[in-house]
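Q: I have a structure here, written as structure tokens, and I will follow up with some questions on it.
In my numbering, the protein residues as written are 7 to 179.
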């Protein structure tokens, strides 16, 4: 079922689907010094998508490895993993718990909570596509994250406050 020209939503059969970490990606994009684009990835450790009989009751759980932060510049990556930013020694995982799939004429979104650096905040993921093909799901979505809301506020002016997160998920059962 197509929701809008911007989003394709074809709900898979009800059931539980395990996210394939090797086939799925979590990408981020932000800016340094207000000008320079910074892009990179996080690895998914594990995740599960539960499609309910009523889509609104569907849920998602994803655990990412905070130490997997990779932007292509080792010095920056090491600094972001330090206690100045992600503090991966104390907070080795980043978790997302999606609790409500909302559908409207404007598109679809997944409302949930993101826990990073020991802080949990509400997050809305705009679903660009969700396609069920037999025992497989593919999904794409984006979210905007305010790093200050998670207590990650070092380097104000040097590193952008907001990050765009893009999710490309493959799951199966």
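Yeah, the Cβ is synthetic: ideal placement off N, Cα and C, and Gly gets one too.
Residue 40 and residue 54 look like a contact to me (Cβ under 8 Å); what is the Cβ gap, rounded to whole Å?
A: Start at 1 with the first residue of the chain shown, and residue 40 comes out as number 34. Start at 1 with the first residue of the chain shown, and residue 54 comes out as number 48. Incorrect: roughly 38 Å between the Cβ atoms, too far for contact.
Q: Please state the DSSP three-state secondary structure of residue 8.
A: Translated into positions along the chain shown, residue 8 becomes position 2. With a pLDDT of only 31 at residue 8, under the threshold of 50, the placement of this residue in the model should not be trusted; the figure read from the coordinates follows. Here residue 8 sits in strand by DSSP.
Q: Name the residue from 106, 60, 100 and 19 whose alpha carbon lies nearest to the alpha carbon of residue 49.
A: To locate residue 49, count along the chain shown from 1; it is residue 43. Nearest of 106, 60, 100 and 19 to residue 49, Cα basis: 100.
Q: Roughly how far, in whole angstroms, is the beta-carbon of residue 33 from the beta-carbon of residue 52, given that I think they are within contact range, below 8 Å?
A: Taking the chain shown and counting its residues from 1, one reaches residue 33 at position 27. Taking the chain shown and counting its residues from 1, one reaches residue 52 at position 46. That belief does not hold up - the Cβ atoms of residue 33 and residue 52 are roughly 18 Å apart, past 8 Å.
Q: Look at the Cβ atom of residue 116, then the Cβ atom of residue 143, and state whether they are nearer than 8 Å.
A: By 1-based counting over the chain shown, the position of residue 116 is 110. By 1-based counting over the chain shown, the position of residue 143 is 137. For residue 116 and residue 143, no; Cβs fall outside 8 Å.
Q: On the DSSP letters alone, give me the boundaries of the alpha helix (DSSP H) that residue 80 sits inside.
A: Reading the chain shown from its first residue, position 74 is the one you call residue 80. Segment 80-87, the alpha helix (DSSP H) holding residue 80.
Q: Along the beta strand (DSSP E) that carries residue 23, what are the first and last residues, could you check?
A: Walking along the chain shown from the start, residue 23 turns up at place 17. Start and end: 21-25.
Q: Counting C-beta neighbours from all protein chains within 10 Å, is the total for residue 69 16 or more, i.e. buried, or is it exposed?
A: Counting from one through the chain shown, the residue named residue 69 turns up at place 63. Result: buried.
Q: According to DSSP, is residue 153 part of a helix, a strand, or is it coil?
A: Taking the chain shown and counting its residues from 1, one reaches residue 153 at position 147. DSSP places residue 153 in helix when its eight states are reduced to three.
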